[in-house]
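Residues in the sequence shown are numbered consecutively from 8, following my numbering.
We put the beta carbon where it would ideally sit given N, CA and C, even for glycine.
Structure, as structure tokens:
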Amino acid sequence: MQKKSDLIAPSPIAPGGAQSIGRAVTVLRAVATMNHDGASVSEVASALKLDRTTTHRILKALAAHRMLGHTGQPRRYYLGALTYQLGLVAGERLDLRKLCAPAMARIAAETGDTVFLMVREGQESVCADRKSGDFPVKTFVVEVGTRRPLGIGAGSLAILAALPADEAEASIIGNADRIRAYKGMNEEVLRKMVLKTRVTHEASMDVIDVEGVHAVAVPIREPGGMVIAAFSIAAISPRMTHKRRRKLFEVLRREAAHVTAHLGSEAWMAQL
8 MQKKSDLIAP SPIAPGGAQS IGRAVTVLRA VATMNHDGAS VSEVASALKL
58 DRTTTHRILK ALAAHRMLGH TGQPRRYYLG ALTYQLGLVA GERLDLRKLC
108 APAMARIAAE TGDTVFLMVR EGQESVCADR KSGDFPVKTF VVEVGTRRPL
158 GIGAGSLAIL AALPADEAEA SIIGNADRIR AYKGMNEEVL RKMVLKTRVT
208 HEASMDVIDV EGVHAVAVPI REPGGMVIAA FSIAAISPRM THKRRRKLFE
258 VLRREAAHVT AHLGSEAWMA QL
């Protein structure tokens with residue numbers, strides 16, 4: 008389901024070969040965010056604040072190994088065949104929908120509400136799955152397969168707020184036009200929502216464009232700490248009292264931790 012990769016600002020890394028690898032990965036991610044039209048050397052260099060000569064050298068090396076392709080004069084780079092092939096292999100090893108299905112069933116059964124699995128794909132979130140509980144009023148506020156810019160919706164907000172600050176800001180800037188398309192939303196509004204979520208460690212918001220429905224969410228992380236998805240629950244607002252939201256967050260955090268514990272475990276890998 009991959010559409011875009013992550014644009015992550017360079018982080019402190021060891022000197023020597025590790026530094027070169029880190030820069031190459033950062034360049035690859037930057038190209039991925041411009042993949043539709045391709046990325047020029049100057050565009051990548053400007054986005055990452057790298058020297059143009061260094062950027063050009065890295066792009067050429069990645070293209071030589073088929074991690075990138077290129078077209079036109081001046082050249083515009085896009086993700087290459089090897090990147091696609093590696094993504095297919097990775098997808099076979101990491102099926103979040105399959106892994107999260109038991110947790111979603113437990114959440115829906117325990118809360119009675121509708122639970123959603125939102126998966127991060129670059130600067131977007133995608134609804135990968137949903138499960139309804141037994142409460143009579145259903146809140147199917149997002150269809151499976153729906154793509155939204157990070158920050159739009161509780162699950163998407165939980166993901167965005169869990170990112171490093173520079174990475175989250177890059178996403179907000181990159182999605183600015185799309186964010187403004189949602190009622191009452193713009194970059195400054197979203198920044199305030201992100202800040203509040205970081206302070207409380209809880210994503211909680213009225214559902215955009217759906218009156219009378221509230222949603223809560225928590226991020227799902229890999230064992231190393233990187234956020235990859237989120238569990239969210241949506242229910243009619245009268246049902247979302249402060250006391251009940253406390254309980255819902257407990258349930259969501261427990262199940263998110265359960266998923267993290269299973270990611271990379273021998274028992275999980277043996278099933279794939």
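Item                                                                                                         : Value
Straight-line gap, H1 to V133 (C-alpha atoms, nearest Å)                                                     : Residue 1 is absent from the structure shown; the chain starts at 8 and stops at 279.
Reference E195; option with closest CA among A31, I179 and P143                                              : I179
Contained beta strand (DSSP E) runs [length at least 3] in the segment 180 to 257, N- to C-terminal order    : 210 to 213, 220 to 228 and 234 to 243
Check whether I186 and P226 have beta carbons under 9 Å apart                                                : no
Distance between H249 and L124 (C-alpha atoms, nearest Å)                                                    : 23 Å
Residues that L4 bridges to, as DSSP identifies them                                                         : Coverage of the chain is limited to positions 8 through 279, which leaves residue 4 absent and any answer about it impossible.
DSSP state of T33 mapped onto helix, strand, coil                                                            : helix
Cβ shell of M111 (< 7 Å), same chain only, five flanking positions each side left out                        : V122, L124, D136 and K138
R113 versus G181: straight-line alpha-carbon distance, rounded                                               : 36 Å
Reduced DSSP secondary structure (H/G/I, E/B, other) of H265                                                 : helix
Whole-angstrom distance between D44 and G232, CA atom to CA atom                                             : 32 Å
Rounded C-alpha distance that separates R246 from T90                                                        : 46 Å
Beta-carbon proximity of V215 to I166, cut-off 9 Å                                                           : Note that residue 215 corresponds to Ile in the displayed sequence, not to Val. In this structure, I166 does not lie closer than 9 Å to I215 by Cβ.
Boundaries of the alpha helix (DSSP H) in which E128 is found, first to last residue                         : Run containing E128: none in the alpha helix (DSSP H); it sits in the beta strand (DSSP E), T121 to E128.
T207 classed as buried or exposed, judged by whether at least 16 other C-beta atoms fall within 10 angstroms : exposed
Supposed close pair V48, R59 - CB separation, criterion 8 Å                                                  : 6 Å
T78, DSSP secondary structure in three states                                                                : strand
Supposed contact pair A39 and L86 - C-beta distance, whole angstroms, cut 8 Å                                : 6 Å
Beta carbon of L66 nearer than 9 Å to that of R82                                                            : yes
D173 (DSSP reduced to helix, strand or coil)                                                                 : helix
Distance between beta carbons of S239 and A224, contact taken as under 8 Å                                   : 4 Å
Cα-Cα separation between R260 and S163, rounded to whole angstroms                                           : 16 Å
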